[in-house]
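Numbering (this note's numbering), first residue to last: 5 to 122.
Note that CB positions come from ideal geometry on N, CA and C, so glycine has one too.
Note that the coordinates shown come from a computational prediction; the quantities given were computed from them, not determined experimentally.
To start, the structure itself, in structure tokens.
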């Protein structure tokens, strides 16, 4: 069974950061118009779900329960988004970052969704 791939506002916000950051600073060095075009393309390819007011309180619970510190608060916010929208699986190249939330979401690496035996 195939499931829709959802994209959260936070994904696009973080992408904007990376796209518009100069390549010498570990970014992609895109122009603003290139970045906007890429974000618009992703919103057409995937199901875009906006944030709701419930996300913050869910995030606050998660960072308290799982004792989240530093930059990992952004991962917790994605998990909060997922819980509010009743989403179960997160597709990420960094599944290790989401394993701490194992009771909340199921992290999946992109290579695991493609059948490489064919």
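| Item | Value |
| --- | --- |
| Length-filtered (4 minimum) alpha helix (DSSP H) runs lying within the stretch 41 to 110 | 58 to 69, 77 to 88 and 100 to 103 |
| Where residue 17 falls: helix, strand or coil (DSSP) | helix |
| Residue 115, buried or exposed, once every other Cβ within 10 Å from all chains shown has been counted against 16 | exposed |
| Strand pairing of residue 117, partner residues [DSSP] | Residue 117 pairs with nothing; no bridge assigned. |
| Option nearest residue 101 by Cα separation, candidates 117, 84, 89 and 80 | 80 |
| Same chain only: Cβ atoms within 6 Å of residue 89, ignoring 5 sequence neighbours per side | 53 |
| Where residue 97 falls, given that 16 or more other Cβ within 10 Å makes a residue buried | exposed |
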